[in-house]
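Numbers given in our numbering equal positions in the sequence shown, counted from 1, plus 276.
To keep things clear, I will list the structure first and then write my remarks on it.
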Amino acid sequence: MTATADSALTAATTARPVVVASVPRSHVYVRHLDPVTPSGEVVRLDDPDPGDPRRPAGAQWWPPVMLDPAWAETTDADLVHLQFGFDARSPEDLAVWTRVLRRRGIPFVYTVHDLRNPHHEDRTLHDAQLDVLVPAADALVTLTPGAADEIRGRWDREALVLPHPHVVEGDTVARLRAEREQRDPEPFRVGVHVKSLRAGMAPHRVLPVLVETVGRLPGAVLQVNGHHDVLTPGGARFDADLSGYLHEQAAAARVDLRVHDFLPDDELWRYLASLDLSVLPYRFGTHSGWLEACRDLGTTVLAPTCGYLKEQGPVLTYEHEEDHFDAASLSAAVEQAYAERPRLGASWDERVLQRQQVADAHLALYRGLTS
Numbered sequence: 277m278t279a280t281a282d283s284a285l286t287a288a289t290t291a292r293p294v295v296v297a298s299v300p301r302s303h304v305y306v307r308h309l310d311p312v313t314p315s316g317e318v319v320r321l322d323d324p325d326p327g328d329p330r331r332p333a334g335a336q337w338w339p340p341v342m343l344d345p346a347w348a349e350t351t352d353a354d355l356v357h358l359q360f361g362f363d364a365r366s367p368e369d370l371a372v373w374t375r376v377l378r379r380r381g382i383p384f385v386y387t388v389h390d391l392r393n394p395h396h397e398d399r400t401l402h403d404a405q406l407d408v409l410v411p412a413a414d415a416l417v418t419l420t421p422g423a424a425d426e427i428r429g430r431w432d433r434e435a436l437v438l439p440h441p442h443v444v445e446g447d448t449v450a451r452l453r454a455e456r457e458q459r460d461p462e463p464f465r466v467g468v469h470v471k472s473l474r475a476g477m478a479p480h481r482v483l484p485v486l487v488e489t490v491g492r493l494p495g496a497v498l499q500v501n502g503h504h505d506v507l508t509p510g511g512a513r514f515d516a517d518l519s520g521y522l523h524e525q526a527a528a529a530r531v532d533l534r535v536h537d538f539l540p541d542d543e544l545w546r547y548l549a550s551l552d553l554s555v556l557p558y559r560f561g562t563h564s565g566w567l568e569a570c571r572d573l574g575t576t577v578l579a580p581t582c583g584y585l586k587e588q589g590p591v592l593t594y595e596h597e598e599d600h601f602d603a604a605s606l607s608a609a610v611e612q613a614y615a616e617r618p619r620l621g622a623s624w625d626e627r628v629l630q631r632q633q634v635a636d637a638h639l640a641l642y643r644g645l646t647s
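This is the structure in structure tokens:
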């Protein structure tokens, strides 16, 4: 080995870890930006406790203290990487925060997960927040080429495209996939989860089509899950029309209706793994972590054409946008899934390799910005 090569290797292996303030640190996406076997080359700061920023957060990281300009004034982080959590911050507050980072010479990376906030009917606030964050960032990351194209068109900025890493942990993936292999092929279970009926969902459009389509497929079952706050009278977001329709269909044995509170992760993964097809009833959005969890567990996803979900990985699609819904495309896609039983998930080996590649790319980005 030459002296130059030896010096380069020594520098690479003895470089000080990059201290990153990830906002938020505790989110599964952020946890999986590190390799399966941690290298120690990136150290991520704990989320401060919103009630007492002097101590690490427990289960609650929101609202993120790291978005306070006062925090930015005193942090020792080498770099700040924003993912989520700025919903409650005004564009003016975000502008102050980014200016503090700029003045202190702290590089700012922003991963653009959402170009349209799936929780907001009115996109005005989110667009204004993006109009601050995207131009201010020293580097941008996003998950799909389509999202990168939109970023280029809206702000004339280039974004590094890196795929979403796995969501479900490896031991859980192995256990639930093994159970899937032992399961009887019937019934063919089609699932829709209305959750707490966020703004970007339109289950009222898709459910009648699914009831009719699944109802004429021998050995097929339509399972609909939803939260008490939407489907139980007195709930904070109770939707009488949706609840009435679903309970009527359940009484007629056309829907297997499951009403419950928010599922903890272990129950959520078991639910997703029990499905043969997960139908996403979204009319607007950008990307989907739900889709990634399904791919981890071997559950085929039927995704709408809104946003860039179909670019995240192999999925079936149907035409569903904010102002357009094609019932025939939904019915045809369900029939295709039933007839072909496609296996569109990602293997665990593929996910481990992908995670390493994503981790390497983030490390290179961080080193480039802090060197």
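We put the CB at the ideal spot given by N, CA and C, even for glycine.
Give the DSSP-derived three-state secondary structure of residue i in the structure shown.
| i | result |
| --- | --- |
| Asp542 | helix |
| Val634 | helix |
| Tyr359 | Per the sequence shown, the amino acid found at residue 359 is Gln instead of Tyr. Coil. |
| Ser298 | strand |
| Asp398 | coil |
| Asp325 | strand |
| Pro441 | coil |
| Leu452 | helix |
| Thr350 | helix |
| Val318 | strand |
| Tyr584 | coil |
| Ala424 | helix |
| Leu416 | strand |
| Leu548 | helix |
| Val385 | strand |
Taking the beta carbon of residue i as the centre, do at least 16 other beta carbons fall within 10 Å, making it buried, or is it exposed?
| i | result |
| --- | --- |
| Pro509 | exposed |
| Asp323 | buried |
| Phe538 | exposed |
| Pro557 | buried |
| Ala454 | exposed |
| Glu488 | exposed |
| Thr400 | exposed |
| His440 | buried |
| Glu462 | exposed |
Residues in the same chain with beta-carbon distance under 7 Å from residue i, minus the five sequence neighbours each way, listed in chain order, please.
| i | result |
| --- | --- |
| Leu370 | Phe362, Gln405, Val408 and Leu409 |
| Thr280 | Here the model assigns Thr280 a pLDDT of 46, short of 50, so the residue's position is not dependable, and the following value carries that caveat. Closer than 7 Å at the Cβ level, and outside the excluded window around Thr280, lies no residue. |
| Ala288 | At Ala288, the pLDDT of 47 sits below 50, so the modelled position is not reliable; the number obtained from the coordinates is stated separately. For Ala288, where only same-chain residues beyond five positions count, there are no Cβ hits under 7 Å. |
| Glu349 | Val376 |
| Arg474 | Pro394 and His395 |
In whole angstroms, give me the CA-to-CA distance for residue i and residue j.
| i | j | result |
| --- | --- | --- |
| Leu553 | Asp352 | 46 Å |
| Val610 | Val490 | 8 Å |
| Glu434 | Val443 | 26 Å |
| Asp532 | His504 | 16 Å |
| Lys471 | Arg492 | 26 Å |
| Ala603 | Arg380 | 54 Å |
| Pro411 | Leu544 | 37 Å |
| Arg320 | Ile427 | 27 Å |
| Ser605 | Tyr614 | 14 Å |
| Gly511 | Val417 | 38 Å |
| Leu452 | Arg617 | 18 Å |
Near residue i, what residues of its chain come up, given a Cβ to Cβ distance below 6 Å and the 5 sequence neighbours on each side ignored?
| i | result |
| --- | --- |
| Val555 | Val468 and Leu578 |
| Gly583 | Gly561 and Thr562 |
| Arg481 | Phe601 |
| Arg307 | none |
For residue i, which beta-bridge partners are listed by DSSP?
| i | result |
| --- | --- |
| Asp704 | This structure cannot speak to residue 704, because the chain is shown only from 277 to 647. |
| Tyr558 | Met477 |
| His563 | Paired residue(s): none; His563 is not in a bridge. |
| His596 | Phe601 |
| Gly644 | Bridge partners of Gly644: none, in fact. |
| Val470 | Paired residue(s): none; Val470 is not in a bridge. |
| Ala579 | Thr593 |
| Arg465 | Val497 |
| Gly553 | First, the amino acid is wrong: residue 553 is Leu here, not Gly. In DSSP, Leu553 forms a bridge with Val466 and Thr576. |
| Leu620 | None; Leu620 has no bridge partner. |
| Leu370 | BP columns for Leu370 are empty, so no partner. |
| Leu483 | According to DSSP, Leu483 bridges with nothing at all. |
For residue i, which residues from the same chain have a beta carbon less than 8 Å from its beta carbon, with the 5 sequence-adjacent residues on both sides left out?
| i | result |
| --- | --- |
| Leu312 | This sequence places Val at residue 312; Leu is not what is there. Within the same chain, Val312 has close Cβ partners Gly446, Val628, Arg631 and Gln632. |
| Arg559 | Gly476, Met477, Ala478, Arg481, Pro580, Cys582, His596, Glu597, Glu598 and Phe601 |
| Trp373 | Leu343, Asp344, Pro345, Ala348 and Arg365 |
| Leu620 | Arg571, Thr576, Val577, Gly589, Pro590, Val591 and Leu592 |
With a threshold of 9 Å between beta carbons, is residue i in contact with chain C?
| i | result |
| --- | --- |
| Tyr305 | As a matter of chain content, chain C is missing from the structure shown, which is built from one protein chain. |
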